[in-house]
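Asker: Please read through the structure below; I'll follow up with questions.
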Amino acid sequence: MDWGTELWDQYDILDKHTQSGLDLVEKYVKFVKERTEIEQNYAKQLRNLTKKYSPKRGSKEEQECRFSNHQAFLDVLNEMNDYAGQRELIAENMMINICIELTKYLQDLKQERKMHLSDAKKAQQSLEGTYKQLDNSKKRFEREWREAEKATQNAEKTDQDLNATKADVEKAKQQAHMRTHIAEECKNDYAAQLQKYNKEQNQFYFTDMPLIFNNLQDMDERRIKKMAQGYIQFADTERQVMPIIGKCLEGISRAGTNVNERNDSVVLIEQHKSGFERPGDLDFEDYSQGINRASSESSLGTPKGPLELLGKNRNKTFRLFNKKSKFAPEKLKMPVDTEGFTHLPPEQRRKRLQQKIDDISKELQKEMDQSEALGKMKDVYEKNPQMGDPASLAPQITQTAQNMERLRGDLNKYESWLAEAGGRGDSIRYSTHSLNNNGAHNPGSPGALSDDTDPSHAIYTEFDDDFEEEELAAPIGQCTALYNFPGSSEGTISMQEGEVLSVVEEDKGDGWTRVRRNNGDEGYIPTTYATIALNK
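For the sequence shown, the numbering used here gives the first residue as 144, with consecutive numbering after it.
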């Protein structure tokens, strides 16, 4: 069944129906646009929410991320940020694949419908013009035929009139003959116009209009099919990101399962353990024996050992280093040695000293690497003067040597403090010598050791193979890259999404984690760019 056959006389109905279809397309486009605005606002609110609750760099909250429950909350925020990105992707895809596509298609449909209706109107006007010609020829035939009848009657009357002359009779007959001839011509013209009109009308109702109506039907069916595809695309757009949204939700669940309450307690202990012994029992002061109270109070004012942690007000609950107490220990009122961390409890002091030694060792290694590089560059300049002047490197070499001496002095100082504090001195040792191109020691290099250098400053091993190999630190866990990272900055390392790397040094609160590849390449990556699983 088609419109041209069944609805041949329903032009107005088809006009309204096709216009209604176009209005539906426009309405659906507006609906999807509003949906994309909702998604974009939702994503924006989610991003603002995660930003609001994310700790700022260097803040106290960021330092607390060493606890698994705090780190899990950060992971939740990161996953929610990724989730917001997927909502933005839904909005973008809907705008491109539905709104823009259907808007362009709607314009084409409007032009096509306008063309079909214009063809129908032209055919209607052509038929009406032919009908006018037919009506005019019919009226003219009617008028001329009446005139011919009158002329014939007048000729007969004149012929029967006895008073009429022969000339009058002949004239009347000629007039009647002429009128009859004109009437016959009008009759033939009317017949021709009628035949033309009937043919054109048949063409109009059986060929032209059915073709136009069928074209409108085809256009409308294509519109309906396109709308159906738009409805399906509406669902598919969201379905396509469901796997990634599922991963975000899995990441949130995984953050919950990674929380280790026992480990958090251990971390808190390690972080704040003072190392002091618990205070002992107080001695009984028998005032009935005439003990000098002032002397007793004086002896209590300068307690020895753990007793100095006690405040003089014994009626209050005992608190260690309570800032609000006016009976704080005497030593806290004295100037503190922040460089040696003597103001800290023993356990915390050992940790801070060990951390400081590790930091100085890393800086020293960097200076030695730079010294070695400058030495090699100097050798190249000496062998190839056209590449540069060796003397231009002298200031840098001198500065590097001074930095190394200063760092070695600091390293010795902190190691002695650590030994006093009872630490093991597990600092990372680096080679402090450099090699020349032949693999031998280069005493002129800023990185070379002098004869009076203490051998405890460095442990190094020489090989005959033009290189030296340092013992690599054992990995403390693994991480999987969540995103691509170019690693273009100095000290960083590139990684690809999904790549598995070994964790050498965990995040110390600055947002960077040190990792290593299987081939030995090491560098730092952003902690939030990977999922990290440390060995327990």
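Even for Gly, the Cβ is constructed at its ideal location relative to N, Cα and C.
Bear in mind the structure is a predicted one, so any value in this text is a computation, not a measurement.
So, residue 550 versus residue 507, is the Cβ gap smaller than 8 Å?
Answerer: For this step, residue 550 is matched to residue 407 along the sequence shown. For this step, residue 507 is matched to residue 364 along the sequence shown. Contact flag set, yes.
Asker: Whose C-beta lies closer than 8 Å to the C-beta of residue 641 among residues of the same chain, with five residues either side of it excluded?
Answerer: Within the sequence shown, residue 641 is the residue found at index 498, counting from 1. Answer for residue 641: 623 and 624, listed in chain order.
Asker: When the Cβ atoms of the segment 395-415 are set against those of the segment 288-298, are three or more pairs found closer than 8 Å?
Answerer: Short answer: they don't touch.
Asker: Can you check DSSP and say which residues form a bridge with residue 645?
Answerer: On the sequence shown, position 502 is the one that residue 645 refers to. Residue 645 is bridged to 621 and 659.
Asker: Considering residue 248, what are the terminal residues of the alpha helix (DSSP H) in which it resides?
Answerer: Position 105 of the sequence shown holds residue 248. Where residue 248 is concerned, the enclosing alpha helix (DSSP H) stretches over 244-303.
Asker: Are the segment 333-346 and the segment 278-285 touching by the rule of at least three beta carbon pairs closer than 8 Å?
Answerer: Yes, since at least three Cβ pairs between the segment 333-346 and the segment 278-285 fall closer than 8 Å, the two stretches touch.
Asker: What is the C-beta distance between residue 678 and residue 619, in whole angstroms, given that I count them as a contact (C-beta under 8 Å)?
Answerer: On the sequence shown, position 535 is the one that residue 678 refers to. On the sequence shown, position 476 is the one that residue 619 refers to. About 6 Å separates the two Cβ atoms, so the contact holds.
Asker: Exposed or buried, which one is residue 128 when buried takes at least 16 other CB atoms within 10 Å?
Answerer: Nothing can be reported for residue 128: it is not among the residues displayed for the chain, which extend from 144 to 679.
Asker: Could you name the residues that DSSP lists as bridge partners for residue 667?
Answerer: Taking the sequence shown and counting its residues from 1, one reaches residue 667 at position 524. For residue 667, which the question treats as bridged, DSSP gives the partners 635 and 657.
Asker: Counting C-beta neighbours from all protein chains within 10 Å, is the total for residue 315 16 or more, i.e. buried, or is it exposed?
Answerer: Here residue 315 refers to the residue found at position 172 of the sequence shown. It is buried - the Cβ of residue 315 has at least 16 other Cβ atoms within 10 Å.
Asker: Does residue 221 pass the burial test, meaning 16 or more other C-beta atoms within 10 Å, or should it be called exposed?
Answerer: Mapped onto the sequence shown, residue 221 falls at position 78. So residue 221 counts as buried.
Asker: Thinking C-alpha only, which one of 664, 522 and 414 is nearest residue 638?
Answerer: Within the sequence shown, residue 638 is the residue found at index 495, counting from 1. Checked all of 664, 522 and 414; the closest Cα to residue 638 is 664.
Asker: By Cβ distance below 8 Å, which residues in the same chain neighbour residue 129 in space, the five residues on each side in sequence not counted?
Answerer: Since the first and last residues shown for the chain are 144 and 679, residue 129 lies out of range.
Asker: For residue 621 versus residue 647, is the C-beta spacing smaller than 8 Å?
Answerer: Sequence index remark: in the sequence shown, residue 621 carries index 478 (1-based). Sequence index remark: in the sequence shown, residue 647 carries index 504 (1-based). Not closer than 8 Å, so no.
Asker: Excluding five sequence neighbours on each side, which residues of the same chain lie with their C-beta closer than 7 Å to the C-beta of residue 560?
Answerer: Taking the first residue of the sequence shown as position 1, residue 560 is located at position 417. Here the set comprises 483 and 496.
Asker: Could you have a look at residue 411 and say whether DSSP puts it in helix, strand or coil?
Answerer: On the sequence shown, residue 411 is found 268 positions in, with the first residue counted as 1. Here residue 411 sits in helix by DSSP.
Asker: Just how far apart, CA to CA, sit residue 387 and residue 229?
Answerer: Taking the first residue of the sequence shown as position 1, residue 387 is located at position 244. Taking the first residue of the sequence shown as position 1, residue 229 is located at position 86. Distance between the alpha carbons of residue 387 and residue 229 is about 8 Å.
Asker: On the CB-based measure, 16 or more other CB atoms within 10 Å of its CB, does residue 404 come out buried or exposed?
Answerer: Here the question's residue 404 lines up with position 261 in the sequence shown. Classification of residue 404: exposed, given that the 10 Å Cβ count is below 16.
Asker: Ignore the nearest five residues each way along the sequence and tell me which others in residue 360's own chain have a CB closer than 7 Å to its CB.
Answerer: Position 217 of the sequence shown, counting from 1, holds the residue named residue 360. Closer than 7 Å at the Cβ level, and outside the excluded window around residue 360, lie 145 and 146.
Asker: Specify whether the segment 412-431 and the segment 247-257 touch according to this definition: at least 3 beta carbon pairs, one from each stretch, less than 8 Å apart.
Answerer: The segment 412-431 is not in contact with the segment 247-257.
Asker: Have a look at residue 750 and residue 501 and give me their C-alpha separation to the nearest angstrom.
Answerer: Any question about residue 750 goes unanswered here, given that the chain covers just 144 to 679.
Asker: Out of 350, 356, 492 and 371, which one is the CA nearest neighbour of residue 418?
Answerer: Walking along the sequence shown from the start, residue 418 turns up at place 275. Comparing Cα-Cα distances from residue 418 to each of 350, 356, 492 and 371, the minimum goes to 492.
Asker: Name the two residues that bound the continuous beta strand (DSSP E) containing residue 674.
Answerer: One-based indexing of the sequence shown puts residue 674 at position 531. Note, residue 674: beta strand (DSSP E), 673-677.
Asker: Go to residue 559, then tell me how far its alpha helix (DSSP H) extends in each direction, as first and last residue.
Answerer: Indexing the sequence shown from 1 puts residue 559 at position 416. Note, residue 559: alpha helix (DSSP H), 537-563.
Asker: For residue 628, name the three-state secondary structure that DSSP assigns.
Answerer: Indexing the sequence shown from 1 puts residue 628 at position 485. Here residue 628 sits in strand by DSSP.
Asker: Tell me whether the beta-carbon of residue 263 lies closer than 8 Å to the beta-carbon of residue 227.
Answerer: In the sequence shown, counting from the first residue as 1, residue 263 sits at position 120. In the sequence shown, counting from the first residue as 1, residue 227 sits at position 84. The answer is no: Cβ separation not under 8 Å.
Asker: With H, G and I counted as helix, E and B as strand and the rest as coil, what does DSSP make of residue 151?
Answerer: Counting from 1 along the sequence shown, the entry for residue 151 is found at position 8. If DSSP states are grouped into helix, strand and coil, residue 151 belongs with coil.
Asker: Residue 385 and residue 151: beta carbons closer than 8 Å?
Answerer: The count along the sequence shown starts at 1 and reaches residue 385 at position 242. The count along the sequence shown starts at 1 and reaches residue 151 at position 8. Their beta carbons are not under 8 Å apart, which means residue 385 does not touch residue 151 by this criterion.
Asker: To the nearest angstrom, how far is it from the Cα of residue 653 to the Cα of residue 537?
Answerer: On the sequence shown, residue 653 is found 510 positions in, with the first residue counted as 1. On the sequence shown, residue 537 is found 394 positions in, with the first residue counted as 1. Rounded to whole angstroms, residue 653 to residue 537 spans 35 Å at the Cα level.
Asker: Does any heavy atom of the ligand ATP sit closer than 7 Å to the C-beta of residue 318?
Answerer: The ligand ATP is not part of this structure, which contains no ligands at all.
Asker: Assuming the contact rule is C-beta atoms closer than 8 Å, residue 670 and residue 656 should be a hit. Round their C-beta distance to whole Å, please.
Answerer: Indexing the sequence shown from 1 puts residue 670 at position 527. Indexing the sequence shown from 1 puts residue 656 at position 513. Residue 670 to residue 656, Cβ: 5 Å. Contact.
Asker: Quick one: using the 10 Å Cβ neighbour count with 16 as the cut-off for buried, is residue 134 buried or exposed?
Answerer: This structure does not reach residue 134, given that the chain is present from 144 up to 679, and the question cannot be answered.
Asker: For residue 196, count the other beta carbons within 10 Å of its own beta carbon; 16 or more makes it buried, fewer makes it exposed. Which is it?
Answerer: Taking the first residue of the sequence shown as position 1, residue 196 is located at position 53. The residue in question, residue 196, is exposed, as its Cβ has fewer than 16 Cβ neighbours within 10 Å.
Asker: What does the Cβ neighbour count give for residue 182, buried or exposed, with the cut at 16 atoms within 10 Å?
Answerer: What you label residue 182 is simply residue 39 of the sequence shown in a count that begins at 1. It is buried - the Cβ of residue 182 has at least 16 other Cβ atoms within 10 Å.
Asker: Could you check whether the Cβ of residue 564 sits closer than 8 Å to any Cβ belonging to chain B?
Answerer: Absent from the structure is chain B; it holds one protein chain and no more.
Asker: Using DSSP with H/G/I as helix, E/B as strand and the rest coil, what is residue 422?
Answerer: One-based indexing of the sequence shown puts residue 422 at position 279. Note: residue 422 maps to coil in three-state DSSP.
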